[in-house]
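Each residue of the sequence shown is one higher than the one before, counting from 156 in our numbering.
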Amino acid sequence: MTEIFLTYSLALLLAWPLGRYIAGVFAEGPGPGAKVFMPLENGLYRLMGVNGHQSMHWLHYAKSLLLLHLFLGAMIFLLLMFQGVLPLNPDSAPGMSWDLALHTTVSFLTNTNQQHYSGQAQLSFLAHTLGIVTLQFVTPAAGMAALFAILRALFAGVKKSDQDESGVGNFYRDLTRGLVRVLLPLALISALLLTWQGVPATWQGAAQVQVVDSSVEMQEQQIPLGPVASMVAIKQLGTNGGGWYGPNSSVPLENPTPLSNLIQTLSLVLIPIALVFALGLFSGRQRLTWMVLTVMLGLSVASTSLAVYSELQPNPAMASLSDGPNMEGKEVRFGPYATALWASWTTQTSNGSVNGMHDSLNPLGGLATLMNMFVNATFGGIGVGMIGFLVFTLLAAFLGSLMVGRRPTLFGKAVETREIKILALILLLQPIVILGLTALTFALPGVSGITNPGFHGVSQVLYEYTSAFANNGSGFEGLDDDSVWWNVTCVIALAFGRFLPMLLPLALASSLMQKKSLAASDSNLNVETPIFIVFLMAVMLMFALLSFLPVLVLGPIAEHLTLMQIG
């Protein structure tokens, strides 16, 4: 456990100065590094033909975000459909079918990176670099932009005038600063470190090599190469997750050494934790940072402990072969500790990359990853994780106020009917979409594509839709998911899970911004106390359990009890 403790400590140590830097980037004024970055940013504003300085009403902000995604989505969809006749295709990858191209486009457009194709074999270099990697930069920057628009509405506010009514910031400015000042520099550093560790960084096609064992029939093997390091860097830092190779970071070329594994593991949580430190500085409420960090770390350590405990137990179905840790689906060079930590962190964030096979986790390990995605705010994706946490904070503040007979408030603003209606819509959306699609998949014959009948098959289907809605992207990969049914239904979960949980809180925060601040008094609920921290953790866990406990009983819990009987 020393390795896990040190990794947690290093993540916190690196995230603290990064959080201070990010808070300055999104604050008013030129921000840190202005002399270096502003000429490039102003050039990008002119290239896009937009005003990058005037503050926007929240509806204009949301419209700009959606239009950018719509434009990029159409461009990437056509690129994937016709990549077979486009340049930079040394391995002759054919164009995708319409349903697979649609799913791949929406998956990467929503910062999910759920892959129903097998890595590099079905993408050209052009599709990878211009299409996939572009979205891997833009989508986390958009999530970060939405977060700071919401924080401005909640904490800063903007003076109303005829020229600027109820502004929440400028979307293009926030997007560009997130890209140029945060994601690009971090990805450059990470890509150089990964290249140093042996991750390929080349434009040449697949290499033909002689096999080591001369007794086998196949004397040559084709090893796919490409600009892998640059994609791996942003897939981890941007809470993206889609790998260059099908098995993701369990492939030695994508993750060759213990140091590269450490770099990629830290990258999973670096920016999400940094945003917690940025929250206190940006809002002017330092105690808020410690409240959020305490809750997130508490949930994170509990989840990681369950995952590690699960994978240190033998697989009961293979007890006759081994009584040691569950090594099925794991790289021997990483072992159960590093694999369980990665599995926990990649689902605590909306990353979804893997360095082992989640389908081979013991049932309790699979339960831990599902619970992380149900909560989806332990650290969460870049920007959207903190947005989800603020939604839970509002829910806990509302319930807590009613329990003690106080007027519901949050950060000095009254929470009334309009805000509660929006809050209810945000919270009910998740179980309706996930459970509805899961039930429909089992109700229709021949569409589920499960390869493990019984309780594990339930977990496979539930995991796929949960991963899509949580914008995570990992999966129980025994599922036969490259079909029209899975591609189209996952697109529904992907879109609902990304845009409404990001934009509805913006509408909610803007509604609160219009209200007068209440005078500080004992009647206002203080969310920065130990009692509220415990209550908030209970609310988050109870919401997930009340929504999904029945299907968990039919899936991983029943599978665990069955395997215990076998063992």
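Just so it is clear, CB atoms sit at the ideal spot from N, CA and C, and this is done for glycine as well.
Practice task
Could I get the ranges of all uninterrupted beta strand (DSSP E) runs contained in the region 540-585, with 3 residues as the minimum, in chain order?
Solution key: none
Exercise for the section: Look at phenylalanine 432 and phenylalanine 703 and say whether their C-beta atoms are less than 7 Å apart. Expected result: No, these two residues do not count as a Cβ contact at 7 Å.
Handout entry: Runs of beta strand (DSSP E) wholly within the region 661-707 (minimum 3 residues, chain order)
Key = As far as the region 661-707 is concerned, it has no whole beta strand (DSSP E) run of at least 3 residues.
Exercise for the section: Excluding the 5 residues preceding and the 5 following threonine 606 in the sequence, name in chain order all residues of the same chain whose CB lies nearer than 6 Å to its CB. Expected result: Gly633
Practice task
With isoleucine 378 as the anchor, note down where its alpha helix (DSSP H) starts and where it stops.
Solution key: Premise fails: isoleucine 378 lies in the beta strand (DSSP E), 375-378, not in any alpha helix (DSSP H).
Practice task
Can you check DSSP and say which residues form a bridge with alanine 362?
Solution key: Alanine 362 pairs with Ile378.
Problem - Per-residue burial, glutamine 238 [other beta carbons within 10 Å of its own, 16 or more giving buried] - result: Answer is buried; the Cβ neighbour count reaches 16.
Problem - Inter-residue Cα distance where the pair is serine 458 and glutamine 468 - result: Whole-angstrom Cα-Cα distance: 16 Å.
Problem - Collapsed DSSP secondary structure at leucine 716 in the structure displayed - result: helix
Handout entry: Sheet register partners of histidine 258 (DSSP bridge)
Key = Answer is none; histidine 258 lacks a bridge partner.
Handout entry: Cα-Cα separation between threonine 157 and leucine 452, rounded to whole angstroms
Key = If you take the alpha carbons of threonine 157 and leucine 452, they lie about 17 Å apart.
Handout entry: Spatial neighbours of leucine 234 in its chain, beta-carbon cut-off 6 Å, leaving aside the 5 residues before and after
Key = Ala282, Gly286
Handout entry: Beta-bridge pairing of histidine 212 - partner residues as DSSP gives them
Key = Gly322
Practice task
Report, in whole angstroms, the separation of the C-beta atoms of leucine 522 and valine 613, which I expect to be a contact under 8 Å.
Solution key: So it is not a contact: roughly 12 Å between Cβ atoms.
Problem - Nearest-angstrom Cα separation, counted from glycine 520 out to alanine 462 - result: If I take the Cα positions, the gap works out to 5 Å.
Problem - Selected residue, minimal CA-CA separation from tryptophan 640, among Thr593, Phe303, Ser665 - result: Thr593
Exercise for the section: Compare the C-alpha of asparagine 403 against each of Thr284, Pro705, Ala498, Leu595 and name the closest. Expected result: Ala498
Practice task
Please classify lysine 671: is it buried, with 16 or more other beta-carbons within 10 angstroms of its beta-carbon, or exposed?
Solution key: exposed
Practice task
With distances taken Cα to Cα, identify the nearest neighbour of serine 422 among Leu173, Leu257, Leu443.
Solution key: Leu173
Handout entry: lysine 190, buried or exposed, once every other Cβ within 10 Å from all chains shown has been counted against 16
Key = Exposed: under 16 other Cβ atoms inside 10 Å.
Problem - Within 7 Å, strictly: CB atoms of glutamine 277 and alanine 256 - result: no
Handout entry: Buried or exposed (CB count within 10 angstroms, at least 16 for buried), proline 295
Key = That one is buried.
Problem - Distance, leucine 680 Cα to arginine 561 Cα - result: It is roughly 8 Å from the alpha-carbon of arginine 561 to the alpha-carbon of leucine 680.
Practice task
Determine the extent of the alpha helix (DSSP H) in which glutamate 619 is found, giving its start and end residues.
Solution key: 610-624
Handout entry: Among Phe547, Ala650, Ala664, the one whose alpha carbon lies nearest that of glycine 567
Key = It is Ala664 whose Cα lies nearest to the Cα of glycine 567.
Practice task
Tell me whether glycine 511 sits in a helix, a strand or coil according to DSSP, three-state version.
Solution key: strand
Exercise for the section: Enumerate in chain order the residues of its own chain whose CB-to-CB distance from glycine 511 is below 8 Å, with the five nearest sequence positions on each side excluded. Expected result: Ser405, Gly484, Lys485, Glu486, Phe489, Thr494, Trp497, Ala498
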